[in-house]
Amino acid sequence: MKIPGRIVRPGSIVTGHVEVSGPAIISVDALPVETTDYVVPGFVDLHCHGGGGHSLATGDASSAAEAAAFHLAHGTTTLLASLVSSPLALMREAVAAYQPLVADDVIAGVHFEGPYLSAVRCGAQNTDFLRDPDLSELRELVASGIVRAVTIAPELPGALDAISFLDEAGVVAAIGHTDATYEETLKGVEAGATLGTHLFNGMRPAHHREPGPIIGLLSSRRAVVELIADGVHLHDGMLAFAARTAGPDRTALVTDAIDAAGMPDGTYELGGQTVTVADRVARIGTGSIAGSTLTMDAALRRAVGAGLSLPDACTMASTTPARVLGLSDQVGALAAGLRADLVVLSEDLQVKRVMRAGVWL
1 MKIPGRIVRP GSIVTGHVEV SGPAIISVDA LPVETTDYVV PGFVDLHCHG GGGHSLATGD
61 ASSAAEAAAF HLAHGTTTLL ASLVSSPLAL MREAVAAYQP LVADDVIAGV HFEGPYLSAV
121 RCGAQNTDFL RDPDLSELRE LVASGIVRAV TIAPELPGAL DAISFLDEAG VVAAIGHTDA
181 TYEETLKGVE AGATLGTHLF NGMRPAHHRE PGPIIGLLSS RRAVVELIAD GVHLHDGMLA
241 FAARTAGPDR TALVTDAIDA AGMPDGTYEL GGQTVTVADR VARIGTGSIA GSTLTMDAAL
301 RRAVGAGLSL PDACTMASTT PARVLGLSDQ VGALAAGLRA DLVVLSEDLQ VKRVMRAGVW
361 L
């Protein structure tokens, strides 16, 4: 099977076709082709709580599968199920419930956004469940084999040991929901953290006399930073600034979507708290933003609209997050030998078709 189009690869766009056999790409050929469509790699979302009226954050496997299907229709072919701060019992239940979904490749694993977070910068996280990092909890959860990322505030007691443990276990340690100083942030990176959870949001603001976690992560040279490109969490100018400062190889577009993504305005739930969505913005009663209603295709369009090139935006939506997860030998780019995960976009970057593992959705 040959898929023609303007093929987007890191740093370039070539006209030609992607040849697929079975579940894999067998070649990418530059040829004259009359088409205005783009062919881009399937999106990889590191941070997603739900969508289409279904949650990834509750431990309900049926709901999680429906949420993954919703995002797949928007081009997300690889997805982490992100849970918010919860009691250990719920974390255990979610890991057990999601193991079959990981085995069936419905989701790529679990991301625990908490509960090891700063109460000062917790945002929409439920403060009832926040606690200091606990190595015994982490050892138990990581032993499942499906935990792929954990967000931690590095200034908390025991945080650096927890980050080192996760790094040694092959789990992504992410810095987020943190009131850390610049120095504390760099210590977290030195301990093994390789990701910044939704940069700017849930963090001590940058200041010229105390750069804080934002500048610490941007200047670390090791950590990849997540950006929520929805025009709500970040001004487009800040989005473009951060992406250009870190570069596409250290920037990952994420949705942070909740179950309200793709749904009408109304009342929803996240981590035991009521969320009200109005004009696509989700907030809890305190006024804190509670995730988003974003999809990855919309994030890509927003990034391009903010002035980033399409190849760079695709690197941020696919290639870089795949590398963060250690999956760059399988997904995240259009190259021979990788899984045939791709999205056909119209000239105005609307999704026309989605292929996952060589099968059209």
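Numbering (this note's numbering), first residue to last: 1 to 361. Think of the CB as a built atom: it goes at the ideal place given N, C-alpha and C, for glycine as much as any other residue. Owing to the predicted nature of the structure, the values given are computational and were not obtained by experimental measurement.
Problem - At least 3 beta-carbon pairs within less than 8 Å: the region 39-53 vs the region 327-342 - result: Contact between the region 39-53 and the region 327-342 is present, with at least three C-beta pairs closer than 8 Å.
Practice task
Starting from the Cα of T178, find the closest Cα among G123, H208, A69, D60 and give me that residue.
Solution key: Position 178 of the sequence shown holds residue 178. If you compare the alpha carbons of G123, H208, A69, D60 with that of T178, the shortest gap goes to G123.
Practice task
Flag this pair as touching only if the region 322-332 and the region 5-18 have three or more C-beta atom pairs under 8 Å; answer yes or no.
Solution key: They do not touch, by the three-pair rule.
Exercise for the section: Pick out the complete beta strand (DSSP E) segments inside the region 72-122, 3 residues or longer, and give them in chain order. Expected result: Complete beta strand (DSSP E) runs here, min 3: 76-83, 109-113.
Problem - Cutoff 6 Å; reference S63; Cβ partners in own chain excluding five residues on either side - result: Here the question's residue 63 lines up with position 63 in the sequence shown. Closer than 6 Å at the Cβ level, and outside the excluded window around S63, lie H54, S55.
Practice task
Could you check how far apart the C-beta atoms of A24 and V14 are, in whole angstroms? I think they sit under 8 Å.
Solution key: Taking the sequence shown and counting its residues from 1, one reaches residue 24 at position 24. Taking the sequence shown and counting its residues from 1, one reaches residue 14 at position 14. Approximately 20 Å separates the beta-carbon atoms of A24 and V14; this is outside 8 Å, ruling out the contact.
Practice task
Check whether the Cβ atoms of A246 and L218 sit closer than 8 Å, and answer yes or no.
Solution key: On the sequence shown, position 246 is the one that residue 246 refers to. On the sequence shown, position 218 is the one that residue 218 refers to. The answer is yes: Cβ separation under 8 Å.
Handout entry: Neighbour-count burial assignment, L239, 16 or more Cβ in a 10 Å radius
Key = Translated into the one-based positions of the sequence shown, residue 239 becomes position 239. With 16 or more other Cβ atoms within 10 Å, it is buried.
Problem - Stretch-stretch touch, CB-based, cutoff 8 Å, three pairs: the region 242-261 with the region 284-301 - result: Here the region 242-261 lies against the region 284-301, with 3 or more beta-carbon pairs under 8 Å apart.
Practice task
Using the DSSP secondary-structure output, state which residues sit across from C48 in a beta bridge.
Solution key: Counting from 1 along the sequence shown, the entry for residue 48 is found at position 48. Under DSSP, C48 takes part in a beta bridge, and its partners are A257.
Practice task
Give the DSSP-derived three-state secondary structure of A64 in the structure shown.
Solution key: Working through the sequence shown from its first residue, we reach residue 64 at position 64. A64 falls in the helix class under three-state DSSP.
Problem - Per-residue burial, D34 [other beta carbons within 10 Å of its own, 16 or more giving buried] - result: In the sequence shown, residue 34 corresponds to position 34, counting from 1. Residue identity differs from the one stated: residue 34 is Glu in this sequence, not Asp. By the 10 Å Cβ count, E34 comes out exposed.
Practice task
Kindly indicate the opening and closing residues of the alpha helix (DSSP H) around L270.
Solution key: Counting from 1 along the sequence shown, the entry for residue 270 is found at position 270. No alpha helix (DSSP H) contains L270, which is instead part of the beta strand (DSSP E) from 266-270.
Practice task
Evaluate the contact criterion for the region 218-238 versus the region 125-141: three or more CB pairs, one atom per stretch, below 8 Å.
Solution key: The region 218-238 is not in contact with the region 125-141.
Handout entry: Inside the region 266-321 only - alpha helix (DSSP H) runs reaching at least 4 residues
Key = DSSP runs (the alpha helix (DSSP H)) wholly in the region 266-321: 296-305, 310-314.
Exercise for the section: Decide if S86 is buried, meaning its Cβ has at least 16 other Cβ atoms within 10 Å, or exposed. Expected result: Residue mapping note: residue 86 aligns to position 86 of the sequence shown, counting from 1. Counting Cβ neighbours within 10 Å, S86 comes out buried, since at least 16 surround it.
Practice task
Answer yes or no: do H111 and A149 have a C-beta to C-beta separation smaller than 8 Å?
Solution key: On the sequence shown, residue 111 is found 111 positions in, with the first residue counted as 1. On the sequence shown, residue 149 is found 149 positions in, with the first residue counted as 1. Cβ distance < 8 Å, so H111 and A149 count as in contact.
Handout entry: Among R356, P154, P10, C48, nearest to G291 - alpha-carbon criterion
Key = Indexing the sequence shown from 1 puts residue 291 at position 291. That would be C48, whose Cα lies nearest to the Cα of G291.
Practice task
Could you tell me the boundaries of the alpha helix (DSSP H) in which G5 lies?
Solution key: Here residue 5 corresponds to residue number 5 of the sequence shown, with the count starting at 1. Not the alpha helix (DSSP H): G5 falls in the beta strand (DSSP E), residues 2-9.
Practice task
Enumerate in chain order the residues of its own chain whose CB-to-CB distance from L101 is below 8 Å, with the five nearest sequence positions on each side excluded.
Solution key: Mapped onto the sequence shown, residue 101 falls at position 101. If the five residues before and after L101 are omitted, its C-beta is found closer than 8 Å to the C-beta atoms of A61, A64, A65, A68, A81, I107, all from its own chain and listed in chain order.
Practice task
May I ask you to report which of helix, strand or coil DSSP gives L342?
Solution key: Residue numbering aside, residue 342 sits at position 342 when the sequence shown is read from its first letter. Note: L342 maps to strand in three-state DSSP.
Practice task
Pull up the DSSP beta-bridge partners for I152, would you.
Solution key: The count along the sequence shown starts at 1 and reaches residue 152 at position 152. In DSSP, I152 forms a bridge with I175.
Practice task
Tell whether a beta-carbon distance below 8 Å holds between P10 and A229.
Solution key: By 1-based counting over the sequence shown, the position of residue 10 is 10. By 1-based counting over the sequence shown, the position of residue 229 is 229. Taking 8 Å as the cut-off, the Cβ atoms of P10 and A229 do not count as close.
Handout entry: DSSP three-state assignment for P41, whether helix, strand or coil
Key = Counted from its first residue, the sequence shown places residue 41 at position 41. If DSSP states are grouped into helix, strand and coil, P41 belongs with the strands.
Exercise for the section: Would you decide whether I152 is buried or exposed? Buried here means 16 or more other CB atoms lie within 10 Å of its CB. Expected result: Taking the first residue of the sequence shown as position 1, residue 152 is located at position 152. So I152 ends up on the buried side.
Practice task
Take P46 as the anchor and find which of D348, A317, A306 has the nearest alpha-carbon.
Solution key: Counting from 1 along the sequence shown, the entry for residue 46 is found at position 46. Residue identity check: residue 46 is Leu in the sequence provided, not Pro. The option with the nearest alpha carbon to L46 is A317.
Handout entry: Residue interval of the alpha helix (DSSP H) (run including G188)
Key = In the sequence shown, counting from the first residue as 1, residue 188 sits at position 188. Run containing G188: 182-191, per the alpha helix (DSSP H) assignment.
Exercise for the section: Please report how far the alpha carbon of S309 lies from the alpha carbon of H235, in whole angstroms. Expected result: Taking the first residue of the sequence shown as 1, we reach residue 309 at position 309. Taking the first residue of the sequence shown as 1, we reach residue 235 at position 235. Roughly 17 Å separates the two Cα atoms.
Practice task
Report the option in S12, G50, T78 whose CA atom is closest to the CA atom of M355.
Solution key: Taking the sequence shown and counting its residues from 1, the one referred to as residue 355 is at position 355. Proximity to M355 across S12, G50, T78 peaks at T78, based on C-alpha coordinates.
Exercise for the section: Determine the extent of the alpha helix (DSSP H) in which R244 is found, giving its start and end residues. Expected result: On the sequence shown, position 244 is the one that residue 244 refers to. That run of the alpha helix (DSSP H) goes 236-246.
Exercise for the section: Note the first and the last residue of the continuous alpha helix (DSSP H) segment covering A394. Expected result: Absent from the structure is residue 394, since the part of the chain shown begins at 1 and ends at 361.
Practice task
Give me the Cβ distance between G27 and A336, rounded to the nearest whole Å; I'm assuming they're in contact under 8 Å.
Solution key: Locating residue 27 in the sequence shown gives position 27, where the first residue counts as 1. Locating residue 336 in the sequence shown gives position 336, where the first residue counts as 1. First, the amino acid is wrong: residue 27 is Ser here, not Gly. Sure, about 5 Å apart at Cβ, within 8 Å.
Handout entry: Outcome for M1 when other beta-carbon atoms lying within 10 angstroms are tallied against a minimum of 16
Key = As a position in the sequence shown, residue 1 is number 1, starting the count at 1. It is exposed - the Cβ of M1 has fewer than 16 other Cβ atoms within 10 Å.
Practice task
Name the two residues that bound the continuous beta strand (DSSP E) containing V28.
Solution key: Taking the first residue of the sequence shown as position 1, residue 28 is located at position 28. Its beta strand (DSSP E) spans residues 24-30.
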